[in-house]
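Protein chains in written order, with the working numbering: chain A, 411 to 517; chain B, 411 to 517.
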DNA sequence: TTGACATGCAACCATTTAGTTGCATGCTTA
DNA sequence: TAAGCATGCAACTAAATGGTTGCATGTCAA
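Laid out in structure tokens, this is it:
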């Protein structure tokens, strides 16, 4: 879970996930097309995405196809987001009550 | 959205959100209890959480109450995660098909 | 088998991040 | 009003991060 959030923190990596979302199973060369960084930079990002299990590589000859693995994203929404599911309403009510009770110095 | 992912990347900040989830509207001093870092470190984390709109401060006299704001989390699950909603099944089928077609060198 | 191509590995650099310490400011209450 | 408490601000340091370049390895195809 830690690796997943770290991996999602970078906009370039999220963009890579977007690209794979549009067209799954791309090679490194393909992913470099359209990226503003060097091939090695993309490689490093893919390593991080791989460490987070968000991207799974698959060798075909000398080509390495990268596949989006949706499972960690699923786990985020299921475990972590839903952890705050009930909090959404509650926190909102807390805020509202606090705003009514106290006169804020800022906000 | 960028600030939210960045804010969520750090385990200490996620723990702060957890603490607020359990007990909403805490002061800085309260949040420091149970944290293994200095007060200033907690302050900095709260600034980042504030920048991401995940935590909203509310002054009451000389005390600053910190409230969990669930909206950005809601937006993640609604906009970003659901963006991959359909991809979950599709990516899985892609992976399966790729595994059947090619003999992987690794995996 | 040899040249071209796809990828990996390693060293290096700049910036950001996470943390500390010290001091300043501003309510509250006695 | 003065003391104490809660928080803010600034400077500094160490480590992590994101990027580059150069070279190595392994596979395909002529």
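The C-beta atom is built at its ideal place from N, Cα and C for all residues, glycine as well. Model, not experiment: these values are computed from the prediction.
Note to self: Between residue 482 (chain B) and residue 474 (chain B), how many whole angstroms is the CB-CB distance? I'm expecting something under 8 angstroms.
What the structure shows: The residue labelled residue 482 (chain B) in the question sits at position 72 within the second chain. The residue labelled residue 474 (chain B) in the question sits at position 64 within the second chain. Not quite, the Cβ-Cβ distance comes to about 20 angstroms (not below 8 angstroms), so this is no contact.
Margin query: Run through the DSSP bridge pairs and tell me what residue 469 (chain A) is partnered with.
Written below: On the first chain, position 59 is the one that residue 469 (chain A) refers to. Paired residues: A:474.
Next item on the list: At 3 residues or longer, and completely inside the segment 432-458 of chain B: list those beta strand (DSSP E) runs for me, N to C.
Entry: For secondary structure counted as the beta strand (DSSP E) over 3 or more consecutive residues, the segment 432-458 of chain B holds no complete run.
Notebook entry, point to check: Is residue 456 (chain A) closer than 8 angstroms to residue 417 (chain A) when the C-beta atoms are compared?
Noted result: Taking the first residue of the first chain as 1, we reach residue 417 (chain A) at position 7. Taking the first residue of the first chain as 1, we reach residue 456 (chain A) at position 46. No.
Item checked: Minimum C-alpha distance to residue 415 (chain B) - residue among B:461, B:477 and B:469 -> Counting from one through the second chain, the residue named residue 415 (chain B) turns up at place 5. When each option's Cα is compared against that of residue 415 (chain B), the closest is B:461.
Checklist line | Minimum C-alpha distance to residue 493 (chain B) - residue among A:428, A:419 and A:411 | finding: Along the second chain, read from residue 1 onward, the residue named residue 493 (chain B) stands at position 83. Closest by alpha carbon: A:428.
Next item on the list: Keeping to the same chain, check which residues put their C-beta closer than 7 angstroms to that of residue 410 (chain B); ignore five residues upstream and five downstream.
Entry: With chain B running from 411 to 517 in the structure shown, residue 410 (chain B) is simply not present.
Next item on the list: Please classify residue 420 (chain A): does DSSP put it in a helix, a strand, or coil?
Entry: Position 10 of the first chain holds residue 420 (chain A). Residue state, collapsed to three classes: coil.
Item checked: CB contact flag (residue 436 (chain B), residue 476 (chain B), <8 angstroms) -> Residue mapping note: residue 436 (chain B) aligns to position 26 of the second chain, counting from 1. Residue mapping note: residue 476 (chain B) aligns to position 66 of the second chain, counting from 1. Yes, they are a contact pair.
Notebook entry, point to check: Quick one: Cα of residue 487 (chain B) to Cα of residue 448 (chain B), how far?
Noted result: What you label residue 487 (chain B) is simply residue 77 of the second chain in a count that begins at 1. What you label residue 448 (chain B) is simply residue 38 of the second chain in a count that begins at 1. Rounded to the nearest angstrom, the two C-alpha atoms are 32 angstroms apart.
Margin query: Taking the straight line between their C-alpha atoms, what separation do you get for residue 458 (chain A) and residue 426 (chain B)?
Written below: Taking the first residue of the first chain as position 1, residue 458 (chain A) is located at position 48. Taking the first residue of the second chain as position 1, residue 426 (chain B) is located at position 16. C-alpha separation (whole angstroms): 25 angstroms.
Next item on the list: Could you check if residue 446 (chain A) is buried or exposed, using at least 16 other CB atoms within 10 Å of its CB as the buried criterion?
Entry: The residue labelled residue 446 (chain A) in the question sits at position 36 within the first chain. Classification for residue 446 (chain A): exposed.
Note to self: Assuming contact is defined by CB atoms lying nearer than 8 angstroms, are residue 434 (chain B) and residue 478 (chain B) in contact in what I supplied?
What the structure shows: Locating residue 434 (chain B) in the second chain gives position 24, where the first residue counts as 1. Locating residue 478 (chain B) in the second chain gives position 68, where the first residue counts as 1. Yes, these two residues count as a Cβ contact at 8 angstroms.
Check: Is residue 387 (chain B) buried or exposed, if buried means 16 or more other CB atoms sit within 10 Å of its CB?
Finding: No answer is possible for residue 387 (chain B): the residues shown for chain B start at 411 and end at 517.
Item checked: residue 357 (chain A): first and last residue of the uninterrupted alpha helix (DSSP H) it sits in -> With chain A running from 411 to 517 in the structure shown, residue 357 (chain A) is simply not present.
Check: Using a Cβ-Cβ distance under 8 angstroms, would residue 454 (chain A) count as near chain B?
Finding: Position 44 of the first chain holds residue 454 (chain A). Cβ-Cβ to chain B under 8 angstroms: no for residue 454 (chain A).
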